[in-house]
Amino acid sequence: MSKTPVWRVAVPGPFAGPLDYLPLPHEAPPPGARLEVPLGGRRVVGVLLDTGALSELPASRLKPVRAVLDREPSLTPELLALARWAADYYHHPLGEVIAALLPVALRAVGDSAAGQRQRWRITDAGRGGAEALKRAPRQAHALRALRAADAAGLDADGFDAELGGDWPTPVRALVARGFATRELEDVVPLAPTSARTVAPPLNAAQQDAATRITQALGGYAAFLLDGVTGSGKTEVYLAAVEATLARGQQALVLVPEIGLTPQVVARFAARCAVPVVALHSGLADGERLAAWRAARAGHARVVLGTRSALWTPLPALGLIIVDEEHDASYKQQEGFRYSARDLALVRAQRAGLPVVLGSATPALESLVNVEAGRYTRLVLPERAGKARHPRLELVDLRGRKLQEGLSPHFIARLDAQLASGGQALIFLNRRGYAPTLTCHACGFIAGCLRCDARLVAHKRHGELRCHHCGSQQRLPERCPACQADELLLAGRGTERLEEWLLERYAAHGVARIDRDTTRRKGALDDLLADAHSGRARLLVGTQMLAKGHDFPEVGLVGIVEADHGLFGVDFRAAERMAQLIVQVAGRAGRAERPGEVLIQTRHPEHALLRRLLTEGYAGFVAEALAERRAAGFPPYGHLALLRAEAPTGAAAEALLVAARSVLGEVAEPALEVLGPAPAPMERRAGRHRWQLLLRSDARGPLHAALARLMPRLRSLPEARRARWNLDVDPQDLG
Ligand code: ADP
Ligand code: ZN
Numbered sequence: 063m064s065k066t067p068v069w070r071v072a073v074p075g076p077f078a079g080p081l082d083y084l085p086l087p088h089e090a091p092p093p094g095a096r097l098e099v100p101l102g103g104r105r106v107v108g109v110l111l112d113t114g115a116l117s118e119l120p121a122s123r124l125k126p127v128r129a130v131l132d133r134e135p136s137l138t139p140e141l142l143a144l145a146r147w148a149a150d151y152y153h154h155p156l157g158e159v160i161a162a163l164l165p166v167a168l169r170a171v172g173d174s175a176a177g178q179r180q181r182w183r184i185t186d187a188g189r190g191g192a193e194a195l196k197r198a199p200r201q202a203h204a205l206r207a208l209r210a211a212d213a214a215g216l217d218a219d220g221f222d223a224e225l226g227g228d229w230p231t232p233v234r235a236l237v238a239r240g241f242a243t244r245e246l247e248d249v250v251p252l253a254p255t256s257a258r259t260v261a262p263p264l265n266a267a268q269q270d271a272a273t274r275i276t277q278a279l280g281g282y283a284a285f286l287l288d289g290v291t292g293s294g295k296t297e298v299y300l301a302a303v304e305a306t307l308a309r310g311q312q313a314l315v316l317v318p319e320i321g322l323t324p325q326v327v328a329r330f331a332a333r334c335a336v337p338v339v340a341l342h343s344g345l346a347d348g349e350r351l352a353a354w355r356a357a358r359a360g361h362a363r364v365v366l367g368t369r370s371a372l373w374t375p376l377p378a379l380g381l382i383i384v385d386e387e388h389d390a391s392y393k394q395q396e397g398f399r400y401s402a403r404d405l406a407l408v409r410a411q412r413a414g415l416p417v418v419l420g421s422a423t424p425a426l427e428s429l430v431n432v433e434a435g436r437y438t439r440l441v442l443p444e445r446a447g448k449a450r451h452p453r454l455e456l457v458d459l460r461g462r463k464l465q466e467g468l469s470p471h472f473i474a475r476l477d478a479q480l481a482s483g484g485q486a487l488i489f490l491n492r493r494g495y496a497p498t499l500t501c502h503a504c505g506f507i508a509g510c511l512r513c514d515a516r517l518v519a520h521k522r523h524g525e526l527r528c529h530h531c532g533s534q535q536r537l538p539e540r541c542p543a544c545q546a547d548e549l550l551l552a553g554r555g556t557e558r559l560e561e562w563l564l565e566r567y568a569a570h571g572v573a574r575i576d577r578d579t580t581r582r583k584g585a586l587d588d589l590l591a592d593a594h595s596g597r598a599r600l601l602v603g604t605q606m607l608a609k610g611h612d613f614p615e616v617g618l619v620g621i622v623e624a625d626h627g628l629f630g631v632d633f634r635a636a637e638r639m640a641q642l643i644v645q646v647a648g649r650a651g652r653a654e655r656p657g658e659v660l661i662q663t664r665h666p667e668h669a670l671l672r673r674l675l676t677e678g679y680a681g682f683v684a685e686a687l688a689e690r691r692a693a694g695f696p697p698y699g700h701l702a703l704l705r706a707e708a709p710t711g712a713a714a715e716a717l718l719v720a721a722r723s724v725l726g727e728v729a730e731p732a733l734e735v736l737g738p739a740p741a742p743m744e745r746r747a748g749r750h751r752w753q754l755l756l757r758s759d760a761r762g763p764l765h766a767a768l769a770r771l772m773p774r775l776r777s778l779p780e781a782r783r784a785r786w787n788l789d790v791d792p793q794d795l796g
């Protein structure tokens, strides 16, 4: 039986592999081009993998491709190969990986001219064409406008201004007559290049780090730039980027989700004096596509972006930087659960270029990679310029009378700081007014009906909100259970702390920075501007405050509650807390004002805290690594978490029991299977959640077992009664 020539296409959906379609005659699209294909009665965008394949099926059983959507491939061969690698490693369907990494504007069938602008110009025929248009006054009008615009041409806005709203018909007619041309041009959303700034003279450690990276350009190398906060890591990045640009190459700089402020973009644009684009979640789909196109065309020489910018096509890529590499936002937490930090290393290795991971608080994984010789460590031990290391102090809360959670000692230091004209930063990792609403008469506690969680009171909005599923209701005035007028708001979040600070320190100006106060576009920039100008001398907020902002006048940092992280349910809780303490502490004493950091705790004797205080982050790391080694947890062991959720706990559990028995057949002796067990928050958004944890000392056995489990899992009958997902290298076990 003869075989049918087909095109192999990756389509979004839970298919283990690509699907076959009948080719379009007279078309020869390159692999990586997007195609419109039929799928289950719908039309979807797929990506062409291979045009030379043969199918066992007769042509009558196959559907034809409907259209080729790209002349140039949307996915370069490099990114297509990286996507395949990632699909393999994360055991995720290739079609879904590809759909996830394309800009949103390219994922749907339709007009992908977003990010491009139409421009019309007069032709030579048009210049002599006025005679022919005597009976077409509106075309004649449009032609006059085009003649006046000359070589610059007109875009839609230009015609709107010249002819008013209904210009498209006459303009189309001009193009049909050959009197005008229509072209699509990229809208290049480049950061404004202000006057070029010059680099400060680098100190010896910065110079050494920059030289080592620069000398490595042109081949694969992995560096961990381990520099204390304020040590001038960004200056090292800038020097390395400049060297990359001097070779005619492009640089990709990844930053954490809330680290990509306009100031950061402006700093790169001003220093490098080349087109710089930013790619982040705040962009509209069209803007994002335009930035992506500018990168792919090579116009954008530096791309600054959050997690998904890893997937930007860069024809002349020469260097990748991952700033704050320990940041959890590099891991995608839904759908295709990949780590952009880890894949940055893979991309660099495959493309043969250096990658720099920078942090003041490197992930334990990265430090172990240094020990193993996989990364070269570059150390910046001192703060740049005149700044000093801040002084850290534990404040024992036991037996103290607190005001809004603050100890008398902290309040005294705060008063002194403000009196001396400095700023203070108060960190509390809980937003809202109060985490618990309870009734003093009957003991009622307001809980979410859909989650195993308490509702958080948000006073200014008069609401109770669930921080897990988003459900909300009015803040009741009487107890919903016993009707007593004795409701209490217990505990505190940033909103409550702000209220207290405003009562006491109104004249000094208070800025609260958390997800609630920064939801509106531009709100964060406004608050940061207040902080920089000194209009707000008291800054209170969640971890959003900890990230990279440089406030030169902050002389005091207070950490209201350090104990959360010490006893968190997750194995990374302590690591996250230590990183946060060091990062927040790093906001103090950035310039000439000496910094002071007070950490409030009820467990001042805790080993992790003590070592963090006496020996710094390195001391904490030694203690934490010993714990991880004993448990066989990352970085000394490898994990994958299979999560299941269903309307009933039994259905979720049943799927994982079935998965466990498949794993039993796979019989991988080096693999440890833990569970199934309920997730730490068993019920969330009305669904019951269970999980199965896979662990092994080496990656090999874990991945071998997953490769055999996944195809079986998709066809289990239990898989139809529960949703599931696989998380390879999970960031948390929740
Ligand atoms: P990091 O990213 O390591 O926290 P930054 O690169 O933001 O540090 O630098 C911290 C501050 O020190 C910035 O204000 C920066 O302009 C300044 N700085 C960096 N390097 C130098 C240097 N070599 N000389 C003087 N000031 C410097
Ligand atoms: Zn909820």
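By the working numbering, the letter at position 295 of the sequence shown is numbered 357, and the numbering carries on one by one without gaps. Even glycine gets a Cβ: it sits at the ideal position worked out from N, Cα and C.
Handout entry: Own chain, CB closer than 7 Å to residue 517, minus 5 neighbours either side, in chain order
Key = For this step, residue 517 is matched to residue 455 along the sequence shown. Correct list, in chain order: 499, 508, 509, 510, 526, 527, 528.
Problem - According to DSSP, residues forming a beta bridge with residue 299 - result: In the sequence shown, residue 299 corresponds to position 237, counting from 1. Beta-bridge annotation (DSSP): residue 299 is not paired with any residue.
Practice task
Say whether the region 461-468 touches the region 555-566, bearing in mind that this needs 3 or more beta-carbon pairs closer than 8 Å, one atom from each stretch.
Solution key: At 8 Å Cβ cutoff, the stretches touch.
Practice task
With a threshold of 7 Å, establish whether the CB of residue 656 neighbours any heavy atom of the ligand MG.
Solution key: No copy of the ligand MG appears in this structure; the ligands present are the ligand ADP and the ligand ZN.
Exercise for the section: Assign residue 502 to one of two classes, buried (16 or more other C-beta atoms within 10 Å of its C-beta) or exposed (fewer than that). Expected result: Numbered from its first residue, the sequence shown carries residue 502 at position 440. Residue 502 should be labelled exposed.
Handout entry: contact_flag[the region 294-302, the region 260-276] where n(CB pairs < 8 Å) is 3 or more
Key = yes
Exercise for the section: Count the C-beta pairs between the region 316-333 and the region 379-388 that are closer than 8 Å, then say yes if the count reaches three, no if not. Expected result: Output reads yes: the region 379-388 touches the region 316-333.
Handout entry: Residue closest to residue 425, alpha-carbon to alpha-carbon, out of 259, 638, 567, 119
Key = By 1-based counting over the sequence shown, the position of residue 425 is 363. Nearest C-alpha to residue 425: 638.
Problem - residue 752 (DSSP reduced to helix, strand or coil) - result: As a working note, residue 752 is residue 690 in the sequence shown. Strand, per DSSP.
Practice task
Out of 748, 95, 733, point me to the one whose CA is closest to residue 760's CA.
Solution key: As a position in the sequence shown, residue 760 is number 698, starting the count at 1. Nearest neighbour of residue 760 by Cα position, chosen from 748, 95, 733, turns out to be 733.
Exercise for the section: Out of 371, 451, 365, 619, state which residue places its alpha-carbon closest to the alpha-carbon of residue 477. Expected result: Residue numbering aside, residue 477 sits at position 415 when the sequence shown is read from its first letter. It is 619.
Exercise for the section: Consider the C-beta atom of residue 533 and the heavy atoms of the ligand ZN; say whether any pair is separated by less than 7 Å. Expected result: The residue given as residue 533 occupies position 471 in the sequence shown. For the ligand ZN, at least one heavy atom lies less than 7 Å from the Cβ of residue 533.
Exercise for the section: Consider the C-beta atom of residue 342 and the heavy atoms of the ligand ZN; say whether any pair is separated by less than 7 Å. Expected result: Stepping through the sequence shown from its first residue, residue 342 is reached at position 280. Flag unset: Cβ of residue 342 not near the ligand ZN.
Problem - CA-to-CA distance, residue 657 to residue 674, given in whole angstroms - result: Residue numbering aside, residue 674 sits at position 612 when the sequence shown is read from its first letter. Residue numbering aside, residue 657 sits at position 595 when the sequence shown is read from its first letter. Computed Cα separation, rounded: 17 Å.
Practice task
Specify, as a first and last residue, the run of the beta strand (DSSP E) that residue 663 falls within.
Solution key: Along the sequence shown, read from residue 1 onward, the residue named residue 663 stands at position 601. It spans 658-663 - the beta strand (DSSP E) in which residue 663 sits, taken as one unbroken run.
Exercise for the section: Find out if the Cβ-Cβ distance for the pair residue 68, residue 85 is shorter than 8 Å. Expected result: Locating residue 68 in the sequence shown gives position 6, where the first residue counts as 1. Locating residue 85 in the sequence shown gives position 23, where the first residue counts as 1. In contact: residue 68 and residue 85 (Cβ atoms closer than 8 Å).
Exercise for the section: With a threshold of 7 Å, establish whether the CB of residue 626 neighbours any heavy atom of the ligand ZN. Expected result: Taking the sequence shown and counting its residues from 1, the one referred to as residue 626 is at position 564. Because no heavy atom of the ligand ZN lies under 7 Å away, the Cβ of residue 626 does not count as near it: no.
Exercise for the section: Kindly examine the ligand ZN and report whether one of its heavy atoms sits closer than 7 Å to the Cβ of residue 334. Expected result: Counting from one through the sequence shown, the residue named residue 334 turns up at place 272. Result no, Cβ not under 7 Å from the ligand ZN.
Problem - residue 114: first and last residue of the uninterrupted beta strand (DSSP E) it sits in - result: Indexing the sequence shown from 1 puts residue 114 at position 52. First-last of the beta strand (DSSP E) with residue 114: 104-117.
Handout entry: Complete beta strand (DSSP E) runs within the region 325-361 (minimum length 3 residues, chain order)
Key = 338-341
Problem - Neighbourhood of residue 164 by C-beta distance below 7 Å, restricted to the same chain and skipping five residues each side - result: In the sequence shown, the residue the question calls residue 164 occupies position 102. Same-chain partners within the cutoff: 136.
Handout entry: Sequence-distant residues of its chain with Cβ nearer than 8 Å to residue 374 (five each side left out)
Key = One-based indexing of the sequence shown puts residue 374 at position 312. Cβ neighbours of residue 374 beyond the five flanking positions: 314, 341, 354, 357, 358, 365, 367.
Practice task
Could you name each continuous beta strand (DSSP E) segment of 3 residues or more that falls completely within the region 687-741, going from the start of the chain to the end?
Solution key: 700-708
Practice task
Output the distance between the C-alpha atoms of residue 187 and residue 89, rounded to the nearest integer angstrom.
Solution key: Taking the sequence shown and counting its residues from 1, the one referred to as residue 187 is at position 125. Taking the sequence shown and counting its residues from 1, the one referred to as residue 89 is at position 27. For residue 187 and residue 89, the distance between alpha carbons rounds to 33 Å.
Problem - Close Cβ partners of residue 625 (< 7 Å) along its chain, the five nearest in sequence each way excluded - result: As a first step, residue 625 must be located in the sequence shown, where it is residue number 563. The answer, listed in chain order, is 663, 664, 665.
Practice task
Please confirm if residue 730 has its CB atom under 8 Å from at least one CB of chain B.
Solution key: Considering every chain present, this structure includes no chain B. It has just one protein chain.
Problem - Given residue 553 as reference, the closest of 491, 577, 589 once Cα atoms are compared - result: Position 491 of the sequence shown, counting from 1, holds the residue named residue 553. Measuring from the Cα of residue 553, the nearest candidate turns out to be 491.
Practice task
Counting only runs of 4+ residues fully inside the region 420-492, write out the alpha helix (DSSP H) ranges in chain order.
Solution key: Listed in chain order, they are 426-433, 470-481.
Handout entry: Three-way DSSP call (helix, strand, coil) for residue 682 in this model
Key = For this step, residue 682 is matched to residue 620 along the sequence shown. Helix, per DSSP.
Exercise for the section: Compute every distance between the C-beta of residue 530 and the non-hydrogen atoms of the ligand ZN, then say whether any falls below 7 Å. Expected result: Taking the first residue of the sequence shown as position 1, residue 530 is located at position 468. Flag set: Cβ of residue 530 near the ligand ZN.
Practice task
Give the straight-line distance between the Cα atoms of residue 684 and residue 622, rounded to the nearest whole angstrom.
Solution key: Translated into positions along the sequence shown, residue 684 becomes position 622. Translated into positions along the sequence shown, residue 622 becomes position 560. In a straight line, the C-alpha of residue 684 is about 25 Å away from that of residue 622.
Exercise for the section: Taking the CB atoms as reference points, tell me whether residue 601 and residue 702 lie closer together than 8 Å. Expected result: Start at 1 with the first residue of the sequence shown, and residue 601 comes out as number 539. Start at 1 with the first residue of the sequence shown, and residue 702 comes out as number 640. Not a contact, by the Cβ cut-off of 8 Å.
Handout entry: Helix, strand or coil at residue 613 [DSSP, three-state]
Key = Looking up residue 613 in the sequence shown gives position 551. In the structure shown, residue 613 sits in coil (DSSP, three-state: anything other than H, G, I, E or B).
Problem - Three-state class that DSSP yields for residue 157 in the structure shown - result: Translated into positions along the sequence shown, residue 157 becomes position 95. Helix, per DSSP.
Exercise for the section: Helix, strand or coil for residue 285, going by three-state DSSP, please let me know. Expected result: Taking the first residue of the sequence shown as 1, we reach residue 285 at position 223. Strand.
Exercise for the section: Check residue 551 in the structure and name its three-state DSSP category. Expected result: Taking the first residue of the sequence shown as 1, we reach residue 551 at position 489. Strand at residue 551.
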